[in-house]
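Student: I'd like to ask some things about the structure below.
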Amino acid sequence: MLHIGCHLSSVKGYTRMVQTALSIGADTFAFFTRNPRGGKAKEVDIEDINKFLNIIDQIKFAKIVAHAPYTLNPCSGNKRVREFAHMIFEDDMKRMEYIPGNYYNFHPGSHVGQGVDVGIELISEMLNSIITPKQSATVLLETMAGKGSEIGGRFEELKAIIDKVKCKEKMGVCLDTCHISDAGYDISNDLDGVIEEFDNIIGLDKLKAIHLNDSLNAPGSHKDRHAKIGEGMLGLDTILNVINSPKLRGLPFILETPNELDGYAKEIALLRSLYKN
Ligand code: FE
Ligand code: FE
Ligand code: ZN
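Final position of the sequence shown in my numbering is 290; the numbers increase by one with none missing.
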């Protein structure tokens with residue numbers, strides 16, 4: 014079973030998101046917990062959430078993958094930016110408990126000149142001050158393109174963060190195909206080698222979700238510009254190798270390609286038709 018979906022607008026609530034997902038052939042989705050460039054979140058709408066939970070209870074739906082805002086930077090050099098990240102993360106963890114057992118994905122952050130080690134320390138500090146053994150959500154560190162001073166362009170950096178977190182069982186990784194290629198992992202020519210490297214450094218048991226994107230740029234470009242499936246430097250064959258890899262089987266695959274809904278529907282249909290059961 015290929016679990017696949019895309020990023021959806023959260024403006025109209027969970028019920029609307031799951032209905033939209035079903036209408037485009039998806040059985041998972043991603044959404045921003047709040048304005049991706051700001052901090053505001055909607056009021057929790059219990060009626061909407063209950064409706065949503067009812068729907069996904071009755072159908073085969075994979076785990077959903079919430080995305081933190083881009084502005085969240087727990088390893089900024091600026092204390093107020095770090096405090097803002099803490100506040101948002103803490104509030105999002107509370108919100109995740111209304112939809113129990115799902116994933117919350119975030120960009121680890123940019124150390125803005127303080128160095129990778131300081132960055133890793135600050136990120137893990139925030140995680141340790143918020144994540145509890147009782148929560149049902151799993152927090153996913155996203156693999157990054159290594160743009161500027163971004164942390165998470167190397168598997169070793171994500172591993173170092175997880176190593177410092179006390180509730181390791183609440184931690185996982187979301188692998189973004191555009192980002193790891195941009196970071197220099199050559200998944201076009203050696204997908205198995207890259208997966209093996211991930212397994213050796215982080216452990217495949219920690220891999221919980223895939224962001225399935227083509228990339229406008231060549232491996233190692235550190236750019237982070239997503240392309241439609243088959244229209245970038247990775248190409249359709251590489252994307253098909255990813256969805257058909259036995260090691261990645263069963264994970265939720267989330268498209269973050271530059272598409273409107275009809276474009277997503279087409280990509281989902283294409284990938285489902287080329288998935289080898
Ligand atoms: Fe992301
Ligand atoms: Fe991503
Ligand atoms: Zn990206």
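C-beta atoms are modelled at their ideal positions from N, C-alpha and C, and glycine is treated no differently.
(1) State the beta-bridge partners of serine 228 as determined by DSSP.
(2) Counting along the chain, where does the alpha helix (DSSP H) carrying methionine 157 start and finish?
(3) On a CA-only basis, which of Pro271, Asp237, Asp203, Leu153 is nearest isoleucine 215? Give me that one, please.
(4) Please tell me whether leucine 247 and threonine 156 are closer than 9 Å, where the distance is taken between their beta carbons.
(5) Would you check whether ligand 1 has a heavy atom nearer than 8 Å to the C-beta of aspartate 105?
(6) Return yes when at least one heavy atom of ligand 1 lies under 8 Å from the C-beta of asparagine 272, else no.
(7) Determine the direct distance from the alpha carbon of phenylalanine 119 to that of leucine 229, and round the result to whole angstroms.
(8) Who are the near neighbours of glycine 126 in its chain, counting only those whose CB is closer than 8 Å to its CB and skipping five residues on each side?
(9) Taking 6 Å as the limit between beta carbons, can you name the residues of its chain near asparagine 254, skipping five residues before and five after?
(10) Kindly examine ligand 1 and report whether one of its heavy atoms sits closer than 8 Å to the Cβ of asparagine 118.
(11) Given asparagine 226, which residues of its chain have a CB within under 6 Å of its CB, disregarding the five upstream and five downstream residues?
(12) Kindly provide the ranges of any beta strand (DSSP E) runs that are 3 or more residues long and lie completely inside the segment 110-193, ordered along the chain.
(13) Look at the Cβ atom of aspartate 195, then the Cβ atom of aspartate 237, and state whether they are nearer than 9 Å.
(14) Indicate whether alanine 54 and arginine 47 have their beta-carbon atoms separated by less than 9 Å.
(15) Pick out the complete beta strand (DSSP E) segments inside the segment 41-99, 3 residues or longer, and give them in chain order.
(16) Give the secondary structure of isoleucine 17 by DSSP, where H, G and I count as helix, E and B as strand, and everything else as coil.
(17) Any heavy atom of ligand 1 closer than 8 Å to the Cβ of aspartate 195?
(18) Are at least three pairs of beta-carbons, each pair with one atom in the segment 135-150 and one in the segment 108-118, less than 8 Å apart?
(19) According to DSSP, which residues form a beta bridge with leucine 268?
(20) For methionine 30, count the other beta carbons within 10 Å of its own beta carbon; 16 or more makes it buried, fewer makes it exposed. Which is it?
(21) Do histidine 235 and ligand 1 come close, with the Cβ less than 8 Å from some heavy atom?
(22) Answer yes or no: the CB of aspartate 189 versus the heavy atoms of ligand 1, is any distance below 8 Å?
(23) With a threshold of 8 Å, establish whether the CB of histidine 124 neighbours any heavy atom of ligand 2.
(24) Report buried or exposed for glycine 132, applying the criterion of at least 16 other Cβ atoms within 10 angstroms of its Cβ.
(25) Given that a residue counts as buried once 16 or more other Cβ atoms are within 10 Å of its Cβ, and exposed if not, what is aspartate 105?
(26) Exposed or buried, lysine 221, counting other C-beta atoms within 10 Å across all chains shown (16 or more means buried)?
(27) Between the alpha carbons of lysine 92 and glutamate 103, how many angstroms are there, rounded?
(28) Indicate, with yes or no, if ligand 1 has a heavy atom lying under 8 Å from the CB of glutamate 155.
Tutor: So, from the listed chains and residues:
(1) His239
(2) Segment: none, methionine 157 is in no alpha helix (DSSP H) and carries neither H nor E.
(3) Leu153
(4) no
(5) no
(6) no
(7) 22 Å
(8) Apart from sequence neighbours up to five positions away, the residues of its chain that approach glycine 126 with a beta-carbon distance below 8 Å are Gly90, Ser162, ordered along the chain.
(9) Leu204
(10) For asparagine 118, the shortest C-beta to heavy atom distance toward ligand 1 is below 8 Å.
(11) Non-local beta-carbon contacts of asparagine 226 in its own chain, meaning distances under 6 Å to residues more than five positions away in sequence, involve Thr190, Cys191, His239, Glu269, Thr270 in chain order.
(12) 116-119, 151-155, 184-189
(13) yes
(14) yes
(15) 41-45, 78-80
(16) Strand, per DSSP.
(17) no
(18) With a cut-off of 8 Å, the segment 108-118 and the segment 135-150 count as touching, because enough Cβ pairs lie within range.
(19) Cys19, Leu225
(20) buried
(21) no
(22) Indeed, a heavy atom of ligand 1 lies less than 8 Å from the Cβ.
(23) Not a single heavy atom of ligand 2 lies less than 8 Å from the C-beta of histidine 124.
(24) buried
(25) buried
(26) buried
(27) 16 Å
(28) Yes.
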